[in-house]
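Everything on this sheet refers to the single structure shown next.
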Amino acid sequence: MTQPTAYTGRPITPAPGAEVRELRVARVRSHARRLTWSALVLIAVCGAVGYFTGNLPAPFEDWMLWSAAGLVVLVLVVIPFVRWFSRTYTVTTRRVIAQSGLFRRTRTEIGHARGYTISERRGPIQRMWGAGTLSLSNGVDAPLRMVDIPSVRLVNEALADQVEVSQILAHRDSHAMPVIPGPPPLPPGR
Numbered sequence: 756m757t758q759p760t761a762y763t764g765r766p767i768t769p770a771p772g773a774e775v776r777e778l779r780v781a782r783v784r785s786h787a788r789r790l791t792w793s794a795l796v797l798i799a800v801c802g803a804v805g806y807f808t809g810n811l812p813a814p815f816e817d818w819m820l821w822s823a824a825g826l827v828v829l830v831l832v833v834i835p836f837v838r839w840f841s842r843t844y845t846v847t848t849r850r851v852i853a854q855s856g857l858f859r860r861t862r863t864e865i866g867h868a869r870g871y872t873i874s875e876r877r878g879p880i881q882r883m884w885g886a887g888t889l890s891l892s893n894g895v896d897a898p899l900r901m902v903d904i905p906s907v908r909l910v911n912e913a914l915a916d917q918v919e920v921s922q923i924l925a926h927r928d929s930h931a932m933p934v935i936p937g938p939p940p941l942p943p944g945r
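So that you can map any letter, position 114 of the sequence shown is 869 in the working numbering, and since no number is skipped, the others follow by simple counting.
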């Protein structure tokens with residue numbers, strides 16, 4: 756049996772009953788526009804520290820300025836960046852994985868083969884940037900929310916394609932004739 760050729764860049768369809776490899780389709784984070792205020796705070800703090808170093812009034816010293824600037828940068832720049840960077844959404848050929856947290860990791864998965872509904876929500880600012888929030892619900896588990904992801908239409912189409920392909924492969928494999936080894940043949944003359 757020959758396998759059909761696939762479109763360029765897409766894997767070929769596995770043979771019936773063969774193990775399907777799990778491939779990563781996409782990995783996304785929330786839109787980086789959430790870090791706009793952090794970037795503005797970092798620029799302002801750097802400008803203020805550069806201007807006021809050596810120009811402070813008598814009771815204040817430069818180490819006080821630098822420690823206050825470090826605290827502001829830690830709270831308003833570093834912590835929001837780490838929170839943004841630690842949350843990822845991964846779409847594979849078998850499932851969707853949402854991971855978040857730096858010290859206490861939280862991982863949520865939803866399989867394509869079970870099927871799920873995809874609902875998309877986009878506010879006016881999200882539409883301007885091409886972002887949106889996807890909710891994946893299979894009716895059994897709690898919905899998986901992919902919050903403020905970029906290129907939401909493309910991710911939505913990729914998820915719908917993966918659900919369709921997974922269900923087609925699961926249906927095909929469930930109707931494939933299993934090869935059951937029979938008893939060994941009897942020797943001739945018996």
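The beta carbon of each residue, even a glycine, is placed where N, CA and C say it ideally should be.
Approximately 6 angstroms separates the beta-carbon atoms of L899 and T863; this is inside 8 angstroms, confirming the contact. By the neighbour-count criterion, in which 16 or more other beta carbons inside 10 Å mark a residue as buried, L826 falls on the exposed side.
Inter-residue distance for S793 and A799 is about 10 angstroms (C-alpha atoms, whole angstroms).
Sequence-distant partners of S785 (beyond 5 residues in either direction) whose C-beta falls short of 7 angstroms from its own C-beta, in its chain, are W839, R842, V902, D903, I904. Note that the C-beta distance between V828 and L857 is not below 8 angstroms.
The shortest C-alpha to C-alpha distance from G878 to any of G887, T872, G870, L778 is the one to G887. Classified as exposed, Y806 has fewer than 16 neighbouring CB atoms from the shown chains inside 10 Å of its CB. In this structure, E912 keeps its C-beta atom at 8 angstroms or more from the C-beta atom of L889. With a threshold of 16 other beta carbon atoms within 10 Å, I865 meets it and is buried. DSSP places Y806 in the helix class (H, G or I) of the three-state scheme. P835 and P814 have their C-alpha atoms roughly 33 angstroms apart. Straight-line spacing of the CA atoms in T848 and L820 works out to 52 angstroms.
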